[in-house]
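Numbering (this note's numbering), first residue to last: 661 to 892.
Where a beta carbon is used, it is the ideal one built from N, C-alpha and C, also for glycine.
Predicted model only: the values in this text are computed from it and were never measured.
Accompanying notes for the structure given below.
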Ligand SMILES: [Mg+2]
Ligand SMILES: [Zn+2]
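Put into structure tokens, the structure is as follows:
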């Protein structure tokens with residue numbers, strides 16, 4: 661038995677491992693998309709999107725092509741993100757709820773640490789575990805910095821997010837995955853509960869896999885409290 665918010669929670673309520681995508685999940689829009697749109701030339705993203713969705717090119721290929729044309733300082737890129745990709749409702753409450761209830765959380769992102777840190781700092785959120793790539797912005801051209809992501813995944817043939825999830829997963833964890841896009845497809849199959857929106861939701865529906873739709877993080881807390889935690 662342990663105390664949660666002044667109440668004594670049942671010892672049967674297992675702590676969760678919450679694995680959360682960043683772009684388009686924690687933020688309302690994909691920050692990479694916003695930056696490419698603002699500094700990389702109009703239409704660059706839209707041109708690549710169909711082949712990316714169809715699996716003809718990898719996320720890394722698309723990122724290389726898209727960011728080759730981005731000429732902006734860090735401050736300029738972050739200003740575009742702050743203007744066009746605000747944080748999704750309820751995320752700060754979600755973080756506080758998880759911390760209080762003893763659930764572990766990790767952000768698994770194919771995006772950029774410098775952007776993630778700025779968005780979270782703006783929202784007064786600190787000390788989250790984050791795994792992502794990074795970028796060095798400059799007026800001369802952006803340089804992508806790839807994170808170590810283990811070997812090629814046996815399921816999707818990429819260096820996908822499964823590796824980072826596996827490193828953090830304990831045998832008894834109930835894994836919750838929250839995401840919206842292509843980089844979440846493979847790893848979400850490893851989760852016990854998936855919250856999905858946008859193209860991830862469409863993909864899972866096509867595959868006949870179950871997921872819970874969401875618009876904000878308050879809905880996720882509500883769902884977990886009512887379905888997972890109460891039933892545990
Ligand atoms: Mg995303
Ligand atoms: Zn994979």
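Start-to-end residues for the beta strand (DSSP E) that takes in residue i
i, result
"residue 794", "789 to 796"
"residue 837", "834 to 839"
"residue 747", "No beta strand (DSSP E) holds residue 747; DSSP gives it neither H nor E."
"residue 686", "No beta strand (DSSP E) holds residue 686; DSSP gives it neither H nor E."
"residue 804", "803 to 805"
"residue 855", "853 to 856"
Ligand 1 heavy atom lying under 7 Å from the CB of residue i
i, result
"residue 688", "no"
"residue 839", "yes"
"residue 843", "yes"
"residue 762", "no"
Start-to-end residues for the alpha helix (DSSP H) that takes in residue i
i, result
"residue 827", "822 to 828"
"residue 753", "751 to 761"
"residue 847", "845 to 848"
"residue 677", "Segment 676 to 680 is the beta strand (DSSP E) holding residue 677; no alpha helix (DSSP H) there."
"residue 769", "Careful: residue 769 lies outside any alpha helix (DSSP H), inside the beta strand (DSSP E) at 764 to 772."
Local Cβ density within 10 Å of residue i, reported as buried at 16 or more and exposed below that
i, result
"residue 901", "The requested residue 901 does not occur in the structure, where the chain is confined to residues 661 to 892."
"residue 791", "buried"
"residue 758", "buried"
"residue 798", "exposed"
"residue 706", "exposed"
"residue 671", "Any reading at residue 671 needs caution, since the residue's pLDDT is 40, under 50, leaving its predicted position unreliable; the model's value is listed next. Exposed, because fewer than 16 other Cβ atoms sit within 10 Å of the Cβ of residue 671."
"residue 867", "exposed"
"residue 665", "Caution applies to residue 665, whose pLDDT of 45 falls short of 50 and renders its modelled position unreliable; the value that the coordinates give is listed next. So residue 665 counts as exposed."
Test item: CB-CB of residue i and residue j under 8 Å
i, j, result
"residue 766", "residue 794", "no"
"residue 730", "residue 699", "yes"
"residue 840", "residue 750", "no"
"residue 777", "residue 689", "no"
"residue 674", "residue 834", "yes"
"residue 769", "residue 878", "no"
"residue 836", "residue 812", "no"
Residue i: CB within 7 Å of a non-hydrogen atom of ligand 2
i, result
"residue 815", "yes"
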